[in-house]
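Enquirer: Here the protein sequences come in this chain order: U and B. If you use this note's numbering, the first sequence corresponds to residues 24 to 325, in order. If you use this note's numbering, the second sequence corresponds to residues 8 to 129, in order. Every residue, glycine too, gets a C-beta built ideally from N, C-alpha and C. Predicted, not measured: the structure shown is a model, and the values here were computed from it.
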Amino acid sequence: MNAMNPDIHRLLDEAFTGIEMTPDAQDLKEEIRANLVSRVEELEASGTAPADAARRAVAELGDVRELLGETDAVSARTGAQAATGYTALALRNKVRPKPGFVVRVVIWSALIVVGVTLATLGATGVLPLPVGPVIAFLGVASTGLGLLVGDALAQETTANHPMPQNRASGYGLASFLLLYGLGFAGLVGLKALPVWCVVFAALGVIAAIILFAFLGATQTNRHKAWTRAAHADLPPNRFEQEPETAARFGIYTAVIWIVTFAAIAVLVFTVGWWWAPVAFVAGFAAMMLLLARMMFGPRKSR
Amino acid sequence: MKQDDAFAADLLRGHTDTIVLGVLRRGDRYGFEIYKTIRDATGGDHEIKEATLYATYRRLEKDGLVESYWGDETQGGRRKYYRITDAGRAVYRGNVAAWVATRRIIDSLLNVTELEAKESQQ
Chain U
24 MNAMNPDIHR LLDEAFTGIE MTPDAQDLKE EIRANLVSRV EELEASGTAP ADAARRAVAE
84 LGDVRELLGE TDAVSARTGA QAATGYTALA LRNKVRPKPG FVVRVVIWSA LIVVGVTLAT
144 LGATGVLPLP VGPVIAFLGV ASTGLGLLVG DALAQETTAN HPMPQNRASG YGLASFLLLY
204 GLGFAGLVGL KALPVWCVVF AALGVIAAII LFAFLGATQT NRHKAWTRAA HADLPPNRFE
264 QEPETAARFG IYTAVIWIVT FAAIAVLVFT VGWWWAPVAF VAGFAAMMLL LARMMFGPRK
324 SR
Chain B
8 MKQDDAFAAD LLRGHTDTIV LGVLRRGDRY GFEIYKTIRD ATGGDHEIKE ATLYATYRRL
68 EKDGLVESYW GDETQGGRRK YYRITDAGRA VYRGNVAAWV ATRRIIDSLL NVTELEAKES
128 QQ
């Protein structure tokens, strides 16, 4: 990168004179700055004098005020749209499920039910099945779940755009691995398989977790524009309205779990480790009560 | 000839959103790269104005079709990069399908044959 053309910053400041520097305007200014730098470099590379290059690049931009005015018009429009109500919007944007998809969902669900049922009956010894077919039935159920998840995500719905095929298949594969892994763990638990087979369970579950984590981390927006506009317009929840309630909630949460873990430690060292879940359950129950009280408790008088 | 240009520019401008989504489908880009890709594709003629593009980015981002993030350039200002979302991909596919269908209709209504296309080139 060659030396920066100092005129860019001066001209950009001039273009933004008299504009109120809202975060939005500041954002746009910084975005424009980097683009101007690239454009000026291009002009200079083609032999334009630095001063001319900067002036020309800024002139090509036109009036900055127009760029900022545009968004106000857009937000006014979506605001008016949101005013007609979520239900009305949902109705107007309604997408019916495709008949083929409905039929497929029934088939995939049937696969899951049949696979899980037969595998369970085989593993518990109700049906006299060798272990091979039991694993195969587990595979049938997992395949059903994988197809169900992948197929459902690839559909367009009223609120969401369809997920691209590859990503939807990824989620399907992760679900398949998860159910297969958990199924193996279940078979080991029911003593239908030797203990070392828990390795397969671990492999499946860990692979599923890795895949889910990757897909989740790289997930982008899939909501339709009208849903986003409607969500932006929803009334704020209690924690946004009353920050002190949110702070209180945070402190209570910390107290509950510190006490719970202290109780677990005490129980483990005094009466034995199998009492630890009792403390956990108590902590969880206290947490739920707190949550209910915080979210739906009596409002502070205004 | 001036009128031809205005007609073509109008047609192009009507598809700015889809064109930008199409550029972003190939990878994350910042404003000037997008502008340059479009300008190079049009051969420098009747390009889409930068001002139009800024408005497009903001609208696309508001609708959730693209996401933006700042690059980590140390010199010359940080670049604002745009990334297409799953929603953006879906809209892009839908618009392309609509364009292909519409193009066929317009071609047939305007009686565009290969011969005529060649004549107008000369």
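With a cut-off of 8 Å, does the C-beta of Arg111 (chain B) fall near any C-beta of chain U?
Expert: One-based indexing of the second sequence puts residue 111 (chain B) at position 104. It does not: the Cβ of Arg111 (chain B) has no partner Cβ on chain U nearer than 8 Å.
Enquirer: Take Asn244 (chain U) and list the residues in its own chain whose beta-carbon comes closer than 7 Å to its own, dropping the five residues that flank it on each side.
Expert: Reading the first sequence from its first residue, position 221 is the one you call residue 244 (chain U). Contacts found: none.
Enquirer: In chain U, which residues lie less than 8 Å from Val107 (chain B) when you measure between Cβ atoms?
Expert: As a position in the second sequence, residue 107 (chain B) is number 100, starting the count at 1. The contacting residues do not exist; Val107 (chain B) stays about 18 Å from chain U at best.
Enquirer: Report yes or no: is there a C-beta of chain B within less than 8 Å of the C-beta of Glu265 (chain U)?
Expert: Counted from its first residue, the first sequence places residue 265 (chain U) at position 242. Taking Cβ atoms only, chain B never reaches closer than 8 Å to Glu265 (chain U), which makes this a no.
Enquirer: Check each residue of the segment 69 to 85 of chain U: if its Cβ is closer than 8 Å to any Cβ of chain C, include it; give the result in chain order.
Expert: Considering every chain present, this structure includes no chain C. Its protein chains are U and B.
Enquirer: From which residue to which residue does the beta strand (DSSP E) around Lys43 (chain B) run?
Expert: Position 36 of the second sequence holds residue 43 (chain B). It is not in any beta strand (DSSP E) - Lys43 (chain B) instead sits in the alpha helix (DSSP H) that spans 38 to 48.
Enquirer: Whose C-beta lies closer than 8 Å to the C-beta of Ile287 (chain U) among residues of the same chain, with five residues either side of it excluded?
Expert: Within the first sequence, numbered from 1, the residue matching residue 287 (chain U) stands at position 264. So the list reads Ala299, Ala302, Phe303, once near-sequence residues are dropped.
Enquirer: For the segment 161 to 181 of chain U against the segment 133 to 153 of chain U, are there 3 or more C-beta pairs whose distance is under 8 Å?
Expert: With a cut-off of 8 Å, the segment 133 to 153 of chain U and the segment 161 to 181 of chain U count as touching, because enough Cβ pairs lie within range.
Enquirer: Please confirm if Ala58 (chain B) has its CB atom under 8 Å from at least one CB of chain U.
Expert: As a first step, residue 58 (chain B) must be located in the second sequence, where it is residue number 51. Yes, Ala58 (chain B) counts as interfacial toward chain U.
Enquirer: Looking only at its chain, what residues have a beta carbon closer than 7 Å to the beta carbon of Gly145 (chain U), apart from the 5 residues adjacent to it on each side?
Expert: In the first sequence, residue 145 (chain U) corresponds to position 122, counting from 1. Closer than 7 Å at Cβ, skipping near neighbours: Leu152, Pro156, Val157, Phe160.
Enquirer: Along chain U, in chain order, which residues have C-beta atoms closer than 8 Å to that of Val98 (chain B)?
Expert: Taking the second sequence and counting its residues from 1, one reaches residue 98 (chain B) at position 91. Within 8 Å Cβ-Cβ: His184.
Enquirer: Closest to Phe223 (chain U) by C-alpha separation, out of U:Gly206, U:Lys214, U:Leu213, would be which residue?
Expert: Within the first sequence, the letter at position 200 stands for residue 223 (chain U). Measuring from the Cα of Phe223 (chain U), the nearest candidate turns out to be U:Gly206.
Enquirer: With DSSP run on the structure shown, which of helix, strand or coil describes Phe307 (chain U)?
Expert: Translated into the one-based positions of the first sequence, residue 307 (chain U) becomes position 284. In this structure, Phe307 (chain U) counts as helix in the three-state DSSP scheme.
Enquirer: Val211 (chain U) to Asp79 (chain B), Cα distance in whole Å?
Expert: Locating residue 211 (chain U) in the first sequence gives position 188, where the first residue counts as 1. Locating residue 79 (chain B) in the second sequence gives position 72, where the first residue counts as 1. Distance between the alpha carbons of Val211 (chain U) and Asp79 (chain B) is about 50 Å.
Enquirer: Per DSSP, Tyr88 (chain B) forms a beta bridge with which residues?
Expert: Translated into positions along the second sequence, residue 88 (chain B) becomes position 81. For Tyr88 (chain B), which the question treats as bridged, DSSP gives the partners B:Tyr37, B:Tyr76.
Enquirer: When you compare the CB positions of Asp24 (chain B) and Thr63 (chain B), do they come within less than 8 Å of one another, or not?
Expert: On the second sequence, position 17 is the one that residue 24 (chain B) refers to. On the second sequence, position 56 is the one that residue 63 (chain B) refers to. It is a contact, given that the beta carbons lie within the stated cut-off.
Enquirer: Shortest alpha-carbon distance to Arg86 (chain B) belongs to which of U:Ala208, U:Val289, U:Ile55?
Expert: Residue mapping note: residue 86 (chain B) aligns to position 79 of the second sequence, counting from 1. For Arg86 (chain B), the nearest C-alpha among the options comes from U:Ile55.
Enquirer: Have a look at U:Leu34, U:Asn28, U:Ala38 and flag the residue whose alpha-carbon is nearest the alpha-carbon of Thr71 (chain U).
Expert: Here residue 71 (chain U) is taken as the residue at index 48 of the first sequence, counted from 1. Comparing Cα positions, the closest option is U:Asn28.
Enquirer: Is any heavy atom of the ligand GTP found at a distance shorter than 7 Å from the C-beta of Leu257 (chain U)?
Expert: No copy of the ligand GTP occurs in the structure displayed, which carries no ligand at all.
Enquirer: Just the C-alpha distance for Val27 (chain B) and Glu83 (chain U), rounded to the nearest angstrom, thanks.
Expert: The residue given as residue 27 (chain B) occupies position 20 in the second sequence. The residue given as residue 83 (chain U) occupies position 60 in the first sequence. Val27 (chain B) and Glu83 (chain U): Cα-Cα distance of roughly 19 Å.
Enquirer: In angstroms, rounded to a whole number, what distance separates the CA positions of Trp106 (chain B) and Tyr89 (chain B)?
Expert: Counting from 1 along the second sequence, the entry for residue 106 (chain B) is found at position 99. Counting from 1 along the second sequence, the entry for residue 89 (chain B) is found at position 82. Cα-Cα distance, rounded: 24 Å.
Enquirer: Should Arg90 (chain B) be flagged as near chain U, meaning a C-beta pair shorter than 8 Å?
Expert: If you number the second sequence from 1, residue 90 (chain B) lands on position 83. So yes, Arg90 (chain B) belongs to the interface.
Enquirer: Tell me, please, whether the CB atom of Pro187 (chain U) is closer than 8 Å to any CB atom in chain B?
Expert: Counting from one through the first sequence, the residue named residue 187 (chain U) turns up at place 164. So, interface residue.
Enquirer: For the alpha helix (DSSP H) containing Lys69 (chain B), name the first residue and the last one.
Expert: One-based indexing of the second sequence puts residue 69 (chain B) at position 62. That run of the alpha helix (DSSP H) goes 57 to 69.
Enquirer: Quick check: what's the CA-CA separation for Val278 (chain U) versus Phe272 (chain U)?
Expert: Locating residue 278 (chain U) in the first sequence gives position 255, counting from the first residue. Locating residue 272 (chain U) in the first sequence gives position 249, counting from the first residue. Each residue's Cα considered, the two are about 10 Å apart.
Enquirer: Do Leu202 (chain U) and Leu171 (chain U) count as a contact pair if the criterion is CB distance below 8 Å?
Expert: Position 148 of the first sequence, counted from the start, is the residue given in the question as residue 171 (chain U). Position 179 of the first sequence, counted from the start, is the residue given in the question as residue 202 (chain U). No. Outside cutoff.
Enquirer: Assign Pro29 (chain U) to one of three DSSP states: helix, strand, or coil.
Expert: One-based indexing of the first sequence puts residue 29 (chain U) at position 6. Three-state DSSP puts Pro29 (chain U) in coil, outside helix and strand.
Enquirer: Taking the continuous alpha helix (DSSP H) assigned at Ala94 (chain B), which residues delimit it?
Expert: If you number the second sequence from 1, residue 94 (chain B) lands on position 87. Element bounds for Ala94 (chain B): 93 to 116.
Enquirer: Determine the direct distance from the alpha carbon of Val98 (chain B) to that of Val73 (chain B), and round the result to whole angstroms.
Expert: Your numbering for residue 73 (chain B) matches position 66 in the second sequence. Your numbering for residue 98 (chain B) matches position 91 in the second sequence. One C-alpha to the other measures close to 11 Å.
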